[in-house]
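Here the sequence shown is numbered in the numbering used here, starting from 5 and rising by one per residue.
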Amino acid sequence: MKKYLLVFIVPLFLGCAELQQIADNLPTEGGYVSNAEVAAGLRQALNFGIEKQVSKLTEEDGFFRNELVRITLPPELQKVDRTLRDVGLDALADEGLKVLNRAAEDAVKEATPIFVNAVKEITFTDARNILTGSDKAATTYLENKTTAQLYSKFNPVISNSLDEVGATQVWANIIDRYNALPLTSSVNPDLPDYVTNEALEGVFTMIAIEEKEIRNNFSARTTELLKRVFALQDQ
């Protein structure tokens with residue numbers, strides 16, 4: 005606390021040049037960290053999250069075998085899944101789930117260039133606000149900056165992927181079998197829209213995991229820049 009009080013008291017006795025130098029830096033145990041370093045550190049942390057976590061989602065079963073982001077059925081189709089399993093059609097229900105997740109894995113490959121551009125646009129003000137924000141402040145920044153663009157990229161890829169892997173036919177078969185059962189009402193959800201939104205949520209979930217790790221686990225700060233910048237939030 006004393007350090008921060010000094011930041012405001014000392015400038016009263018300094019000239020404009022010294023005042024600007026202090027304004028452009030933040031105090032740490034080891035000296036000062038410049039605005040430029042803070043911004044660079046936040047960019048590095050986000051790039052690590054994209055590289056380490058988002059890339060995993062593009063692999064086969066990146067969604068399907070990850071309980072944190074695995075795409076399950078939309079509410080209106082959960083009754084379909086339960087009913088199919090109740091009548092012994094577990095394999096068909098499992099295949100329906102798998103093709104939804106495969107489509108998401110294909111779509112996430114489109115995310116990296118969009119994220120890279122958003123990370124480059126982080127300003128000094130953004131960086132300070134992110135650094136002093138919540139455990140997922142950087143993730144929230146990316147979410148606000150990229151969601152609309154990612155949706156536009158993901159949705160057609162997911163639609164095409166659902167067609168290519170036979171998901172359209174799989175789900176037509178599932179829904180036809182379900183609708184043919186007695187005492188059931190017909191369902192016809194917009195699966196591409198649903199999978200797109202679930203894929204987006206999964207992407208930001210994984211980035212948030214890496215951000216929280218860097219913020220709270222010193223050993224996760226694997227570069228000198230990360231150590232210097234995130235030491236600011238430790239004070």
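Note that CB positions come from ideal geometry on N, CA and C, so glycine has one too.
Figure out for me which residue from the options has the closest Cα to the Cα of residue i.
{"i": "ASN201", "options": "ALA107, ALA44, ASN51 and LEU88", "result": "ALA107"}
{"i": "SER156", "options": "LEU96, VAL233, GLU99 and ALA203", "result": "ALA203"}
{"i": "GLU147", "options": "ILE126, SER165 and ASP167", "result": "ILE126"}
{"i": "ASP197", "options": "THR116, ASN39 and LEU166", "result": "LEU166"}
{"i": "GLU109", "options": "ARG89, ILE75 and ILE179", "result": "ILE75"}
{"i": "ASP139", "options": "LEU229, VAL37 and LYS216", "result": "LYS216"}
{"i": "ARG219", "options": "ALA111, GLU41, VAL73 and THR136", "result": "THR136"}
{"i": "PRO160", "options": "GLU99, VAL199 and GLU55", "result": "VAL199"}
{"i": "LEU81", "options": "ASN221, ASP194 and PHE128", "result": "ASP194"}
{"i": "LEU61", "options": "GLU114, VAL42 and ASP85", "result": "GLU114"}
When the Cα atoms are used, what is the spatial distance from residue i to residue j?
{"i": "THR144", "j": "ALA235", "result": "21 angstroms"}
{"i": "ALA141", "j": "TYR182", "result": "43 angstroms"}
{"i": "LEU154", "j": "GLY92", "result": "38 angstroms"}
{"i": "ILE162", "j": "ILE213", "result": "24 angstroms"}
{"i": "ASP238", "j": "GLY206", "result": "28 angstroms"}
{"i": "LEU104", "j": "ALA171", "result": "7 angstroms"}
{"i": "LEU50", "j": "GLN57", "result": "10 angstroms"}
{"i": "ILE134", "j": "ASN39", "result": "12 angstroms"}
{"i": "ASN70", "j": "PHE52", "result": "19 angstroms"}
{"i": "LYS102", "j": "GLU168", "result": "13 angstroms"}
{"i": "ALA224", "j": "ASP65", "result": "26 angstroms"}
{"i": "GLY45", "j": "ILE211", "result": "15 angstroms"}
{"i": "ALA152", "j": "ARG132", "result": "24 angstroms"}
{"i": "GLN98", "j": "VAL37", "result": "Before going further, note that residue 98 is Asp rather than Gln in the sequence given. So the alpha carbons of these two residues sit roughly 52 angstroms apart."}
{"i": "ALA95", "j": "ASN177", "result": "13 angstroms"}
{"i": "ASP28", "j": "PHE158", "result": "Confidence at ASP28 is low in this model, with a pLDDT of 47, below 50, so the placement of that residue should be treated as unreliable; the coordinate-derived value is given next. Going from the Cα of ASP28 to the Cα of PHE158 covers about 39 angstroms."}
{"i": "GLN173", "j": "GLU63", "result": "23 angstroms"}
{"i": "LYS6", "j": "ASN164", "result": "Per-residue confidence for LYS6 stands at a pLDDT of 36, beneath the threshold of 50, marking its modelled position as unreliable; the derived number appears in the next sentence. Roughly 59 angstroms between the two C-alpha positions."}
Excluding five sequence neighbours on each side, which residues of the same chain lie with their C-beta closer than 7 angstroms to the C-beta of residue i?
{"i": "ALA150", "result": "A quick correction: the sequence has Thr, not Ala, at residue 150. ILE118, PHE119 and ALA122, listed in sequence order."}
{"i": "LEU185", "result": "THR87"}
{"i": "LYS231", "result": "ARG225"}
{"i": "LEU229", "result": "GLU41, ALA44, GLY45 and GLN48"}
{"i": "VAL112", "result": "VAL58, LEU61, THR62, ALA203 and VAL207"}
Which same chain residues, not among the five before or five after residue i, have their C-beta less than 6 angstroms away from its C-beta?
{"i": "VAL73", "result": "PHE67, GLY206 and THR209"}
Verify the contact flag: residue i, CB atom, against every heavy atom of the ligand GTP, threshold strictly below 7 angstroms.
{"i": "TYR145", "result": "Absence of the ligand GTP is noted for the structure shown, with no ligands found whatsoever."}
For residue i, which residues in the same chain have their Cβ closer than 8 angstroms to its Cβ, ignoring the five residues on either side in sequence?
{"i": "VAL42", "result": "LEU30, PHE128, ALA131, ARG132, LEU135, VAL233 and LEU236"}
{"i": "LYS124", "result": "ARG47"}
Could one say the Cβ of residue i lies closer than 8 angstroms to chain C's Cβ atoms, at least one of them?
{"i": "GLU147", "result": "As a matter of chain content, chain C is missing from the structure shown, which is built from one protein chain."}
_Whole runs of the alpha helix (DSSP H) within the stretch 59–109, excluding any shorter than 4 residues_ = 79–90
_Just to confirm the assignment: which complete alpha helix (DSSP H) runs, minimum length 4, are found wholly within the stretch 99–161?_
115–124 and 128–135
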